[in-house]
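This report refers to the structure that appears directly beneath it.
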Amino acid sequence: MLLAFDTSSAAVTVALADPVSGAIAASSTTVDALRHGELLAPAIAEVLATAGCGVKDLSRIAVGTGPGPFTGLRVGLVTARTMADVLGIEVVGVCSLDVLAKQSNLALPVAVATDARRKEIYWALYDGPAADGSRRRLEGPAVDKPADVAHVLAGLPVIGRGAVLYGEVLGAEAVDVVEYPSAEVLASGVATGTLQVTAPDPLYLRRPDVTMSGGPKSVLPK
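What the sequence shown shows, in the working numbering, is residues 129 to 350, in sequence order.
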């Protein structure tokens, strides 16, 4: 079985699928931006139990590589790599923006914009869907202020949390917007080859919000 999960956004999403057909056996999604570390392992256990499978039934793992906030993204990638190493199975990564683009049912080119915090968005542009449902990434991923890339995204349907938070700036209507990546789409896309896989390495695009201290400051007069 193929286990897929993504922790690049506020959602912790997990799915189990047939590794060939991509048929979903079980899935779970919880939106909680502050508890990725607490939620992921129980969600994996729940999905396996619902499908009546054990970890020894897994043959492959797919994980979203972001871009996303440092802490949440790291939880998913470390879990995926550790499980794959212990079980001796393959682990692949997929850009989380690619997953969101594939979730759109629009027969048009689309833009994806997610929340990068610091009043910024992670974004990418995609071509219209091919016959198999795959989408080709035309530009990105990148991180910018919404106003700085509004002209790039202008005229395109915008998918993702960024369309909800900055829809007015981007000129996008937040109507029926898919906000977070789906592990079901990730799993089925990897199984059927309609999502491009990469190494399971994080797409941070910028330095972490938390940095090392520069050391104690001197209180002596200069």
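Ideal Cβ placement from N, Cα and C applies to all residues, glycine included.
Using the C-alpha atoms, what's the distance from V313 back to G182?
G182 and V313 have their alpha carbons spaced roughly 22 Å apart.
Own chain residues within Cβ distance below 6 Å of A244, not counting five before or after
Y250 and V271
Length of the line joining the Cα atoms of A212 and F133
Each residue's Cα considered, the two are about 13 Å apart.
Nearest CA to the CA of L298: which residue from L225, Y308 and G283?
G283
Among the candidates L176, P309 and R289, whose CA atom is the shortest distance from the CA of G192?
P309
Determine the DSSP secondary structure at V306, reduced to helix, strand or coil.
Here V306 sits in coil by DSSP.
L333 beta carbon less than 8 Å from that of A288
Checking the sequence shown, residue 288 turns out to be Gly, not Ala. No, the pair does not count as a contact, with Cβ atoms beyond the cut-off.
Whether L266 touches D276 by CB criterion (8 Å)
no
Please list the terminal residues of the continuous beta strand (DSSP E) segment that includes G221.
Note, G221: beta strand (DSSP E), E218 to V222.
Enumerate in chain order the residues of its own chain whose CB-to-CB distance from A278 is below 8 Å, with the five nearest sequence positions on each side excluded.
V297, L298 and G299, listed in sequence order.
Return the Cβ separation of P269 and L331 in integer angstroms, given the expectation that the two are a contact with Cβ distance under 8 Å.
6 Å
In this structure, how does DSSP classify A235 when only helix, strand and coil are distinguished?
coil
Go ahead and pull the three-state DSSP assignment for T339.
Bear in mind that the predicted position of T339 carries a pLDDT of just 46, short of 50, making it unreliable; the figure below should be weighed with that in mind. The answer is coil: DSSP assigns T339 none of H, G, I, E or B.
Check each candidate in A315, F198 and T242 and name the one with the smallest Cα separation from V292.
Cα-wise, what sits closest to V292 is T242.
Straight-line Cα distance separating T199 from A311
19 Å
What did DSSP end up calling P269 once you bin it into helix, strand or coil?
strand
C181 - DSSP class collapsed to helix/strand/coil
coil
Terminal residues of the continuous alpha helix (DSSP H) containing R209?
F198 to L215
With distances taken Cα to Cα, identify the nearest neighbour of I189 among A145, V306, L162 and P170.
Here the closest residue by C-alpha is A145.
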